[in-house]
Structure formats: structure tokens, C-alpha cells
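Pasting the structure below:
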């Protein structure tokens, strides 16, 4: 199918590119220009995978970034509010340095992409593969994850976010709202890359799932990413999910941690230097945040601060904790033990 035909479908709302996914895309202007170069040179590009919906619309599940790049260059790409995003200015590429500074349309005629190049792009043909539609949301996630291996979406959490948006946008927005709460932000110390890869949402997902899962289900974890995703998909379809109750526990947990520990909440403490060091550790998050969250959901009070702070400083040097959180330990082994350790820690602080 030609780019021109796909553009016609897109304009008529027959092709869903999920503009809300654009926040997870990482192609820079050089990568976008290189992709346009491929079209102009006739270099084959990977096929586009779509799922045909009951209303005959196509739901793009792989190729989102490629199609978004084409439509953005043409000044046709829609944002989340259905407005049109600004067209991009191309940069020089290895084989087509003349692309430098070119735009689809411009008041400066020198900057306009030649008409021959525009026609070549519109006539470029992309292979379209239609994936059988499925109402099984876990199967949809697995298809989405399997196909998105081309670098547009890099982490399990980003794929998980996309699937949540497709299944239950309200739940995704609720999670985003929680992740922006000041007390939560005060407690996590992430690198720029971790922020880009949505590790804050990964931690929040762990808090929700681990706090609400039974010890039996936690003991059956085989692969952590799949466990979290399957749990969130089930939550997305659960009309009885107590979001207000979870939010209250979340806010109490992180208000407490923000008040007493702030960005040190999930960092190790150096006893000899008498200071915290390093970044946020997922293992300490599971012990501390999930430990408090689970006990609050069980009806217990917050831990006594003076005892808790003393115990907290010893966590990084606890040999038992170190043994089941060290490199190479499987999630199926670590998670049940960090949760149990958090429970024990909590009860020592009452």
C-alpha cells in the first residue's frame, strides 16, 4: 500500500496511530531523516502490522513510529488533542546531504522539499500485515511486545503503558496522576535514562501489584515483566478495583516516607561515612514502600518513625537481604522474600 493511500485513511480516521504513544518514542531528527532517506532511495523498510477492529478501522500495533515520522514530515501528524503537530525540518543524511533544512512546506522556497521527492515519498509502498483481531488483552500485549523490537519502544513498562492505554485509558491516566504526586517524586532518585524509560511508572506499578497480590500469587512469579503486565491487564478489566482505597494507601505511604526520608527512602546507608549513597534501588522499594503499603491495606498503622529510621539505615548492610537481592537471583526467588522481609521490618517498628 502506498504512503498516499495510508495518509488518506489516516485523514479519514480509518487508521489509528495512538497519538498518546508518541511520548514513548525516541527517534531524534537524525533518525527520522534517515528513515525518510530510505524511502527516497527505495530501500526496503520493515512491514507495518495492524489489527483490524470490528468497525473495520486499522489499529497500528507495529510501525507507529515509522508512520508517525512520515506524517510528521508531511505536516499531517495529529497530537493527543487531535490538533496537527508542527512539521519537522529534515537534516542531512549520509547519501542525501541535500535534505539539510528541507521541509514539506515553507514560506522560504529554498527550504521546500523538491516536488519530485514529495511524489516519491507519497508513492513509496509499505507492506501491511493484518494481525487477526483478538479480544484477549493479554494476547494483545504479547503480540504488541513481540512486534515492537525495532527500537521505538524499549522497555517492558513502555509496552505495558501502551497496552494499558489501549485497554483502559482512565487507569493509565490515574497511574500517571499518582506518579506526579509530590511526595512520590520526593522519594525517588532516578537517572535521566531511567526517567526516559518510565521507571517511575514501573515502581508505581510494582507498588500497586505487589501491595494487592496474595503471598501465594507472589510465590508463583516466573517472569517479573509478564507478572506485572498480566496483573495490570486484569486490574484494567476489573470493575471492582478499589482505586480510591489504593490511592489513599499510596498517599499515606509516600507522605510518611517523604516526611522522614525523602530521596533517601530507597537508597543504601553507609554506616562508616554516616550518609546515604547511590540511587533508588528496586529491591529497597519492594521492602520499604510495598512493605508499608501491604500493612496499611491490612489495617495496621504506620510504623513508629524513630524505630523505622534506625532499622532503615541497616537495610543496605543486612546479609539476609543482600543474599536474595544480589545479581543473578531470579524474580521468583527475590520478590516473595523482599515482601516477607518488608512485613517483618514493619512489625518490628510498631
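In this note's numbering, the protein residues as written are 209 to 558. Cβ coordinates follow ideal geometry from the N, Cα and C atoms, glycine included.
> Secondary structure at residue 392, three-state DSSP: helix, strand or coil?
Replying inline: Locating residue 392 in the chain shown gives position 184, where the first residue counts as 1. If DSSP states are grouped into helix, strand and coil, residue 392 belongs with the helices.
> If we count the other Cβ atoms within 10 Å of its Cβ and call it buried at 16 or more, is residue 524 buried or exposed?
Replying inline: For this step, residue 524 is matched to residue 316 along the chain shown. Counting Cβ neighbours within 10 Å, residue 524 comes out buried, since at least 16 surround it.
>> Against chain B, does residue 499 count as a neighbour if the rule is that its beta carbon must be under 8 Å from one of theirs?
In response: Of the protein chains in the structure, only one exists, and it is not chain B.
> With 16 as the cutoff for other CB atoms within 10 Å, does residue 301 come out buried or exposed?
Replying inline: For this step, residue 301 is matched to residue 93 along the chain shown. Buried: at least 16 other Cβ atoms inside 10 Å.
> residue 502: which of 477, 468, 421, 434 sits nearest, CA to CA?
Replying inline: In the chain shown, counting from the first residue as 1, residue 502 sits at position 294. If we check each option's Cα against that of residue 502, 421 comes out closest.
>> Here's a check: name, in chain order, each residue in its chain whose Cβ is nearer than 7 Å to the Cβ of residue 246, leaving out the five neighbours to either side.
In response: What you label residue 246 is simply residue 38 of the chain shown in a count that begins at 1. Non-local C-beta neighbours of residue 246 in its own chain, meaning closer than 7 Å and more than five positions away in sequence, comprise 253, ordered along the chain.
>> Suppose the cutoff is 6 Å on Cβ atoms and the five residues either side in sequence are ignored; what does the same chain contact list for residue 243 look like?
In response: Walking along the chain shown from the start, residue 243 turns up at place 35. Within the same chain, residue 243 has close Cβ partners 277.
>> Looking at the strands, I want to know which residues DSSP matches up with residue 333.
In response: As a position in the chain shown, residue 333 is number 125, starting the count at 1. Paired residues: 210.
> Taking the C-alpha atoms as reference points, what is the distance between residue 161 and residue 298?
Replying inline: Residue coverage of the chain in this structure runs from 209 to 558, which leaves residue 161 outside it and unanswerable.
> If you check the beta carbons only, do residue 222 and residue 274 fall under 8 Å apart?
Replying inline: In the chain shown, residue 222 corresponds to position 14, counting from 1. In the chain shown, residue 274 corresponds to position 66, counting from 1. Their beta carbons are not under 8 Å apart, which means residue 222 does not touch residue 274 by this criterion.
> Is the region 513-530 touching the region 457-472, taking contact as three or more C-beta pairs under 8 Å?
Replying inline: yes
>> Assuming residue 292 is part of the beta strand (DSSP E), what are its boundary residues?
In response: Translated into the one-based positions of the chain shown, residue 292 becomes position 84. Looking at the DSSP string, residue 292 is not in any beta strand (DSSP E), and its letter there is neither H nor E.
> Would you call the CB atoms of residue 559 and residue 549 closer than 8 Å?
Replying inline: Nothing can be reported for residue 559, as the shown portion of the chain is limited to 209 through 558.
> When the Cα of residue 411 is compared with those of 541, 386, 423, which residue comes out closest?
Replying inline: Here residue 411 refers to the residue found at position 203 of the chain shown. It is 386 whose Cα lies nearest to the Cα of residue 411.
>> Short of 8 Å in beta carbon distance, which residues of its chain neighbour residue 398, apart from the five on each side in sequence? Order them along the chain.
In response: As a first step, residue 398 must be located in the chain shown, where it is residue number 190. Within its own chain, the residues whose Cβ lies closer than 8 Å to the Cβ of residue 398, once the five positions on either side in sequence are excluded, are 407, 408, 487, 488, listed in chain order.
> Is it buried or exposed for residue 555, if we count other Cβ within 10 angstroms and need 16 for buried?
Replying inline: As a position in the chain shown, residue 555 is number 347, starting the count at 1. Result: exposed.
>> Alpha carbons only, please: which of 372, 240, 475 is nearest the one belonging to residue 394?
In response: Position 186 of the chain shown, counted from the start, is the residue given in the question as residue 394. Considering only alpha carbons, the answer is 475.
> Does DSSP put residue 397 in a helix, a strand or coil?
Replying inline: In the chain shown, counting from the first residue as 1, residue 397 sits at position 189. Of the three classes helix, strand and coil, the one that applies to residue 397 here is coil, per DSSP.
> Does DSSP put residue 382 in a helix, in a strand, or in coil?
Replying inline: As a working mapping, residue 382 is identified with position 174 in the chain shown. Annotated three-state conformation of residue 382 is helix, per DSSP.
>> Could you compute how far the alpha carbon of residue 440 sits from the alpha carbon of residue 319?
In response: Here residue 440 is taken as the residue at index 232 of the chain shown, counted from 1. Here residue 319 is taken as the residue at index 111 of the chain shown, counted from 1. So the two alpha carbons sit approximately 47 Å from each other.
> Taking DSSP as the reference, what is the three-state secondary structure of residue 408?
Replying inline: Taking the first residue of the chain shown as position 1, residue 408 is located at position 200. Helix at residue 408.
> Alpha carbon to alpha carbon, how far is residue 405 from residue 418?
Replying inline: Taking the first residue of the chain shown as 1, we reach residue 405 at position 197. Taking the first residue of the chain shown as 1, we reach residue 418 at position 210. Straight-line Cα distance between these residues: approximately 21 Å.
> Can you find at least 3 beta carbon pairs, one from the region 371-384 and one from the region 432-451, that sit closer than 8 Å?
Replying inline: As far as the Cβ criterion goes, the region 371-384 touches the region 432-451, which means the pair count is three or higher.
> Residue range of the alpha helix (DSSP H) that residue 534 falls in?
Replying inline: Position 326 of the chain shown, counting from 1, holds the residue named residue 534. Per DSSP, residue 534 belongs to no alpha helix (DSSP H) and is neither H nor E.
>> Between which two residues does the alpha helix (DSSP H) holding residue 278 run?
In response: Taking the chain shown and counting its residues from 1, one reaches residue 278 at position 70. Following the DSSP letters along the chain, one finds residue 278 inside the alpha helix (DSSP H) bounded by residues 272-281.
>> Which residue marks the beginning of the beta strand (DSSP E) containing residue 484, and which one marks its end?
In response: Position 276 of the chain shown, counted from the first residue, corresponds to residue 484. Element bounds for residue 484: 483-485.
>> Taking the beta carbon of residue 369 as the centre, do at least 16 other beta carbons fall within 10 Å, making it buried, or is it exposed?
In response: For the purposes of this step, residue 369 is identified with residue 161 of the chain shown, where counting begins at 1. Buried is the call here.
> Taking all protein chains shown into account, do 16 or more other C-beta atoms lie within 10 angstroms of the C-beta of residue 359, making it buried, or fewer, making it exposed?
Replying inline: Here residue 359 is taken as the residue at index 151 of the chain shown, counted from 1. Bear in mind that the predicted position of residue 359 carries a pLDDT of just 48, short of 50, making it unreliable; the figure below should be weighed with that in mind. Its Cβ having fewer than 16 others within 10 Å, residue 359 is exposed.
> If you check the beta carbons only, do residue 256 and residue 280 fall under 8 Å apart?
Replying inline: Position 48 of the chain shown, counted from the start, is the residue given in the question as residue 256. Position 72 of the chain shown, counted from the start, is the residue given in the question as residue 280. Against a cut-off of 8 Å, the Cβ pair of residue 280 and residue 256 comes out as no contact.
> residue 360 by DSSP, collapsed to three states: which one?
Replying inline: Looking up residue 360 in the chain shown gives position 152. With a pLDDT of 49 at residue 360, under the threshold of 50, the predicted position of this residue should be treated as unreliable, and no value is reported.
>> So, for residue 543: in the same chain, excluding its five sequence neighbours on each side, which residues have a beta-carbon less than 6 Å away from its beta-carbon?
In response: The count along the chain shown starts at 1 and reaches residue 543 at position 335. Excluding sequence neighbours, residue 543 sits near 426, 429.
> Could you give the uninterrupted runs of the alpha helix (DSSP H) lying entirely in the region 419-464, keeping only those of 4 residues or more?
Replying inline: 423-426, 432-444
>> If contacts are defined as beta-carbon pairs under 8 Å, then residue 313 and residue 283 qualify, I think. What distance do you get, rounded to the angstrom?
In response: Counting from 1 along the chain shown, the entry for residue 313 is found at position 105. Counting from 1 along the chain shown, the entry for residue 283 is found at position 75. Right, the Cβ-Cβ distance comes to about 6 Å (below 8 Å), so this counts as a contact.
> Three-state secondary structure (DSSP) at residue 338?
Replying inline: The sequence position of residue 338 within the chain shown is 130, counting from 1. DSSP places residue 338 in strand when its eight states are reduced to three.
> Distance, Cα to Cα, residue 305 vs residue 384?
Replying inline: Residue mapping note: residue 305 aligns to position 97 of the chain shown, counting from 1. Residue mapping note: residue 384 aligns to position 176 of the chain shown, counting from 1. So the two alpha carbons sit approximately 41 Å from each other.
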